[in-house]
Amino acid sequence: MKVSQLFTKTSKNVPGDETAKNARLLIQAGYVYKVMAGVYAYTPLGLRVLENIKRIVREEMNAIGGQEIIMSSLQRRETWETTGRWDDEVVDVWFKTKLKDDTELGLAWSHEEAIMEMMQQFVKSYKDLPTSVYQFQTKLRNELRAKSGIMRGREFVMKDMYSLHASAEDLDTYYSGAIEAYNRVYDRLGIGDDTYVTFASGGAFTKFSHEFQTICDAGEDVLYVHREKNIAVNEEVLDDAVKELGIEKSELEKVKSAEVGNIFNFGTDKSETMGIRFTDSDGTQKPIYLASYGIGITRAMGVIVEKFADDKGLVWPESVAPFTVYLVRIGGDEATKQADELYAELTSKGIEVLYDDRDERPGTKFADAELMGMPHRVTVSDRLIEAGKLEHTERTSGEAVQLTRSELVARLG
RNA sequence: CGGGGUGUGGCGCAGUUGAUAGCGCGCCCGGUUUGGGACCGGGAGGUCGAAGGUUUGAGUCCUUUCACCCCGACCA
């Protein structure tokens with residue numbers, strides 16, 4: 166991709182109506198466009214980040230047997246009435262609309278009931294279990310107040326997975342495997358070291374639910390962590406959890422954190438409410454055991470920005486960066502020729518390059534390279550060509566080294 | 001939803017005690033520049049969130065309303 170072809174532009178002006186670091190930088194660098202409070206469009210650079218995050222999540226979900234689907238954003242009223250969650254008093258984030266004939270519809274804020282309703286069409290026998298399905302879907306929530314840029318919007322992308330089992334034991338086994346898969350996801354996203362599986366409230370079937378919390382100043386939650394023991398507890402269940410785990414409050418460090426994932430063991434609660442059963446080997450009807458597993462994709466992107474960005478702009482981990490290399494061209498015909506060639510070579514080797522082919526001054530290009538945050542910057546200039554070298558600069562450290570072209574290609578490959 | 005703040009060219013802002021708008025960035029044209037967001041000259045672009053009102057006169061005052069940001073509440 167060439168910068169001259171990108172329809173988005175960087176801006177020297179910081180958006181006046183955003184305070185969240187993630188939103189300010191993402192807008193400034195041309196990754197997102199703000200549509201309204203809590204609603205953002207993802208432009209080419211931002212979409213690439215989102216797709217990279219999804220790719221990682223998809224690989225890990227597939228690895229534990231998840232089957233990808235996509236549900237609808239429009240939902241039937243009846244779907245949610247079975248569990249009493251159509252009521253605005255029960256769920257206060259509903260967006261609702263109507264068909265022309267006045268039939269009421271809901272805009273999906275979650276797909277728990279919708280997916281279970283679908284699954285009961287297919288899962289009839291113990292032979293059909295266990296099974297798990299997941300999707301990447303846009304959730305619409307009528308939040309009273311949107312905040313923190315893309316970290317808490319009214320529209321956001323979430324990966325939600327549901328596993329169905331014939332027994333509590335089978336669910337537990339799968340659930341543990343899912344926790345491991347989640348840890349792999351956060352490791353690959355570059356936030357693994359600061360992400361903890363935490364004890365939190367909200368378990369319908371078990372005492373605690375599990376949240377995946379990333380230590381982050383921009384987060385909304387408060388966590389008590391024990392780094393050596395790798396234990397973390399959400400403030401909301403601190404007293405109970407401390408008792409249960411046999412640890413002292415004083416051993417724990419208080420930090421701010423952002424919830425990047427949440428998994429629930431529903432047991433048979435939901436299937437009993439919805440009347441979803443399977444026929445066991447003994448011929449009797451039994452409720453299905455259910456668990457759900459969520460990862461906020463757009464929120465994860467926001468957390469990555471918040472954690473790694475510096476005073477010069479965005480800093481992307483290689484695994485999610487929209488491009489691996491930001492190629493800066495400085496100079497005349499010879500520099501153009503060599504930069505064109507390098508762009509072609511790197512691209513042919515499968516390395517994603519954003520090539521700054523604009524007729525801009527060096528300072529502008531360097532500043533944009535830093536603002537956009539690709540992990541590697543490569544400079545081709547007349548001056549370097551005379552020395553037979555290229556310059557490679559790491560975004561994280563800012564360290565620059567001069568290399569020959571083959572050394573550079575080897576390093577990036 | 002309670003409290004606080006802000007709405008002025010595409011973006012960021014300034015507009016003193018009311019007299020029909022100005023700066024920076026960006027954009028267009030010409031020229032000089034080219035390793036850290038260049039410079040010179042020329043130009044386009046806004047009726048000041050919206051509606052109503054006070055006044056000879058409103059971006060400046062009043063009322064209503066909408067939007068956006070922050071704190072809180074909420075987040076199954």
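Here my numbering = 1-based position in the first sequence + 165.
Cβ atoms here follow ideal geometry from the backbone N, Cα and C, with glycine treated the same way.
* To do: Please classify Tyr340: does DSSP put it in a helix, a strand, or coil?
  => One-based indexing of the first sequence puts residue 340 at position 175. Here Tyr340 sits in helix by DSSP.
* Length-filtered (3 minimum) beta strand (DSSP E) runs lying within the segment 469 to 522 -> 490 to 495 and 518 to 521
* Evaluate Lys530 with the Cβ neighbour count: other Cβ atoms within 10 Å of its Cβ, from every protein chain shown; 16 or more gives buried, anything less gives exposed. => Translated into the one-based positions of the first sequence, residue 530 becomes position 365. The residue is buried, with at least 16 neighbouring Cβ atoms inside 10 Å.
* Based on the DSSP output, what are the partners of Ile396 in its beta bridges? -> Counting from 1 along the first sequence, the entry for residue 396 is found at position 231. For Ile396, which the question treats as bridged, DSSP gives the partners His391.
* Could you give the DSSP three-state label for Phe531: helix, strand or coil? => Stepping through the first sequence from its first residue, residue 531 is reached at position 366. If DSSP states are grouped into helix, strand and coil, Phe531 belongs with the helices.
* Can you name, in chain order, every residue of its own chain whose Cβ lies under 6 Å from the Cβ of Leu577, other than the five neighbours on each side? -> Translated into the one-based positions of the first sequence, residue 577 becomes position 412. Ile516.
* To do: Ignore the nearest five residues each way along the sequence and tell me which others in His375's own chain have a CB closer than 6 Å to its CB.
  => As a working note, residue 375 is residue 210 in the first sequence. Taken in chain order, the residues that qualify are Val362 and Ile428.
* Mark Phe364 as exposed unless 16 or more other C-beta atoms lie within 10 angstroms of its C-beta, in which case mark it buried. => Here residue 364 is taken as the residue at index 199 of the first sequence, counted from 1. Looking at its Cβ environment, which holds 16 or more other Cβ atoms inside 10 Å, Phe364 is buried.
* Starting from Lys419, follow its DSSP beta bridges and name the residues at the other end. => Position 254 of the first sequence, counted from the start, is the residue given in the question as residue 419. In the DSSP output, where bridge partners are listed per residue, Lys419 has Tyr389.
* Asked: At which residues does the alpha helix (DSSP H) containing Ser571 begin and terminate?
  -> Taking the first sequence and counting its residues from 1, the one referred to as residue 571 is at position 406. Start and end: Arg570 to Leu577.
* Determine the DSSP secondary structure at Gln170, reduced to helix, strand or coil. => Indexing the first sequence from 1 puts residue 170 at position 5. Correct three-state label for Gln170: helix.
* **Cβ-Cβ distance between Thr433 and Tyr454 below 8 Å** => Taking the first sequence and counting its residues from 1, one reaches residue 433 at position 268. Taking the first sequence and counting its residues from 1, one reaches residue 454 at position 289. Result yes, Cβ atoms of Thr433 and Tyr454 sit closer than 8 Å.
* Nearest CA to the CA of Met283: which residue from Gln450, Glu243 and Glu564? -> The residue given as residue 283 occupies position 118 in the first sequence. Checked all of Gln450, Glu243 and Glu564; the closest Cα to Met283 is Glu243.
* Asked: Would Gly538 be called buried (16 or more neighbouring beta carbons within 10 Å of its own) or exposed?
  -> As a first step, residue 538 is located in the first sequence; it is residue number 373 there, counting from the start. Burial call: buried.
* Can at least three beta-carbon pairs, one atom from the segment 291 to 310 and one from the segment 168 to 185, be found at a separation below 8 Å? -> no
* To do: Name the two residues that bound the continuous alpha helix (DSSP H) containing Arg189.
  => By one-based count along the first sequence, residue 189 stands at place 24. Its alpha helix (DSSP H) spans residues Lys186 to Gln193.
* Asked: Among residues of its own chain, excluding the 5 on either side of Ala500, which ones have a beta-carbon nearer than 8 Å to its beta-carbon?
  -> In the first sequence, the residue the question calls residue 500 occupies position 335. Contacts found: Arg494, Val545, Ser546, Asp547 and Ile550.
* Could you give the distance in angstroms between the alpha-carbon of Asp267 and the alpha-carbon of Ala456? -> Position 102 of the first sequence, counted from the start, is the residue given in the question as residue 267. Position 291 of the first sequence, counted from the start, is the residue given in the question as residue 456. Roughly 34 Å separates the two Cα atoms.
* Give the DSSP-derived three-state secondary structure of Glu559 in the structure shown. => If you number the first sequence from 1, residue 559 lands on position 394. Glu559 falls in the strand class under three-state DSSP.
* To do: Could you tell me which residues DSSP pairs with Asn427 in its beta bridges?
  => The sequence position of residue 427 within the first sequence is 262, counting from 1. Its beta-bridge partners are Glu376 and Gly459.
* Asked: Tell me which same chain residues have a C-beta within less than 7 Å of the C-beta of Arg570, skipping the five on either side of it?
  -> For this step, residue 570 is matched to residue 405 along the first sequence. Closer than 7 Å at the Cβ level, and outside the excluded window around Arg570, lie Leu507 and Leu555.
* Going straight from the alpha carbon of Val566 to that of Lys304, what length do you get? -> Locating residue 566 in the first sequence gives position 401, where the first residue counts as 1. Locating residue 304 in the first sequence gives position 139, where the first residue counts as 1. When rounded, the distance between both Cα atoms is 45 Å.
* In terms of residue numbering, what span does the alpha helix (DSSP H) encompassing Thr544 cover? -> Position 379 of the first sequence, counted from the first residue, corresponds to residue 544. Element bounds for Thr544: not the alpha helix (DSSP H) but the beta strand (DSSP E), His541 to Ser546.
* To do: Along the alpha helix (DSSP H) that carries Leu210, what are the first and last residues, could you check?
  => To locate residue 210, count along the first sequence from 1; it is residue 45. Counting along the chain, the alpha helix (DSSP H) containing Leu210 begins and ends at Pro209 to Ala228.
* Asked: Could you give the residue range of the alpha helix (DSSP H) that holds Lys265?
  -> On the first sequence, residue 265 is found 100 positions in, with the first residue counted as 1. Element bounds for Lys265: n/a, residue is neither H nor E.
* **Start and end residues, beta strand (DSSP E) containing Val197** => As a working mapping, residue 197 is identified with position 32 in the first sequence. Counting along the chain, the beta strand (DSSP E) containing Val197 begins and ends at Val197 to Met201.
* Asked: For Ile229 versus Ala346, is the C-beta spacing smaller than 8 Å?
  -> Here residue 229 corresponds to residue number 64 of the first sequence, with the count starting at 1. Here residue 346 corresponds to residue number 181 of the first sequence, with the count starting at 1. A contact, by the Cβ cut-off of 8 Å.
* What does DSSP give as the partner residues of Met323 in its beta bridges? -> One-based indexing of the first sequence puts residue 323 at position 158. Answer is Gln302 and Gly461, bridged to Met323.
* Taking the alpha carbon of Leu383 as the point to measure from, which residue in Val470, Ile396 and Ile412 has its own alpha carbon closest? -> Position 218 of the first sequence, counted from the start, is the residue given in the question as residue 383. Checking the displayed sequence, the identity of residue 383 turns out to be Ala instead of Leu. When only C-alpha atoms are compared, the closest one is Val470.
* Could you check what DSSP says for Ala206 in three-state terms: helix, strand or coil? => Counting from 1 along the first sequence, the entry for residue 206 is found at position 41. Strand at Ala206.
* Where does the unbroken alpha helix (DSSP H) through Val407 begin, and where does it stop? -> Translated into positions along the first sequence, residue 407 becomes position 242. Counting along the chain, the alpha helix (DSSP H) containing Val407 begins and ends at Leu403 to Leu410.
* So, are the CB atoms of Arg213 and Phe321 less than 8 Å apart? -> Walking along the first sequence from the start, residue 213 turns up at place 48. Walking along the first sequence from the start, residue 321 turns up at place 156. Not a contact, by the Cβ cut-off of 8 Å.
* Under the rule that 16 or more other beta-carbon atoms within 10 Å means buried, what is Gly211, buried or exposed? -> Looking up residue 211 in the first sequence gives position 46. Classification for Gly211: buried.
* For Asp182 and Thr338, the rounded distance between their alpha carbons -> Stepping through the first sequence from its first residue, residue 338 is reached at position 173. Stepping through the first sequence from its first residue, residue 182 is reached at position 17. Straight-line Cα distance between these residues: approximately 47 Å.
* **Exposure of Thr379, with buried meaning 16 or more beta-carbon neighbours within 10 Å** => Locating residue 379 in the first sequence gives position 214, where the first residue counts as 1. By the 10 Å Cβ count, Thr379 comes out buried.
* To do: State whether the segment 317 to 334 contacts the segment 291 to 300, with contact taken as three or more CB pairs (one from each stretch) at a distance under 8 Å.
  => yes
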